[in-house]
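Presented below is the structure to which this report refers.
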Amino acid sequence: MTRRGTWYTFDSTFSKIYWDATNLIVEKISYDITLVQNLIINYSYNSTAEKYVMTRYDGLQSEIQLFDGVYKDTSFVFHNVNVNYGDTTLAKTYSQINIFNIDKDSFNVEMSVSRDKGETWSPRQRLFYVRKLD
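If you use our numbering, the sequence shown corresponds to residues 1159 to 1292, in order.
Set out below in structure tokens:
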């Protein structure tokens, strides 16, 4: 979403999603906003905590984010796990990733942020995935 509150269409996207190991799905995605974003996203399930786990590696910023989540009402909802690095601005930003409208050939992803500890959410990115036919 732009600063004016309008949605920006990505010029190009590419995503490859595959099973990498037992109970581990890996997604490699590349898309162009103003700079090319290259992400490696890992999805798994922690049976001890009874939560889904997501890690996102951002190749542009060389940064890893950790999320935990639940499957609720036909959607996955992930929230970032804030790690305190001594920077108070990072600890005040909350991120949420929703994966919804899931069927065998498509799904939607919406990434949102909150600056009031999750009371209100502002969408930042929306992605629509469609399976590529061989």
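Ideal Cβ positions, reconstructed from N, Cα and C, are used throughout, including at glycine.
Quick check on the DSSP output: what are the complete beta strand (DSSP E) runs of length 3 or more inside the region 1213–1243, in order along the chain?
Listed in chain order, the complete beta strand (DSSP E) runs (minimum 3 residues) inside the region 1213–1243 are 1221–1230, 1233–1238.
Measure the C-alpha to C-alpha separation of asparagine 1259 and asparagine 1242 and round it to an integer number of angstroms.
Straight-line Cα distance between these residues: approximately 34 angstroms.
Can you give the Cα-Cα distance for serine 1173 and glutamate 1277, rounded to whole angstroms?
Roughly 31 angstroms between the two C-alpha positions.
Going by DSSP, what residue range makes up the beta strand (DSSP E) through leucine 1182?
Per DSSP, the continuous beta strand (DSSP E) segment holding leucine 1182 begins and ends at 1182–1190.
Exercise. By DSSP, does glutamate 1268 sit in helix, in strand, or in coil?
Worked result: Looking at glutamate 1268 - three-state DSSP - the assignment turns out to be strand.
Whole angstroms is fine: what's the gap from serine 1280's alpha carbon to phenylalanine 1236's?
The alpha-carbon atoms of serine 1280 and phenylalanine 1236 are separated by roughly 15 angstroms.
Point to revise | Own chain, CB closer than 8 angstroms to threonine 1213, minus 5 neighbours either side, in chain order | key: So the list reads Ile1199, Asn1200, Ile1222, Gln1223, Leu1224, Phe1225, once near-sequence residues are dropped.
### Task
Counting only the same chain and skipping the five closest in sequence on each side, list residues whose C-beta sits under 7 angstroms from that of arginine 1282.
Taking C-beta separations shorter than 7 angstroms and ignoring five residues to either side along the sequence, the partners of arginine 1282 in its chain run Met1159, Met1269, Ser1270, Val1271, following chain order.
> Quick one: Cα of leucine 1182 to Cα of asparagine 1238, how far?
Replying inline: Cα to Cα, the separation comes out at about 19 angstroms.
### Query
How is the beta strand (DSSP E) around asparagine 1204 delimited, first residue to last?
That run of the beta strand (DSSP E) goes 1194–1204.
Q) Is leucine 1285 helix, strand or coil when you go by DSSP? A) Per DSSP, reduced to three states, the secondary structure at leucine 1285 is strand.
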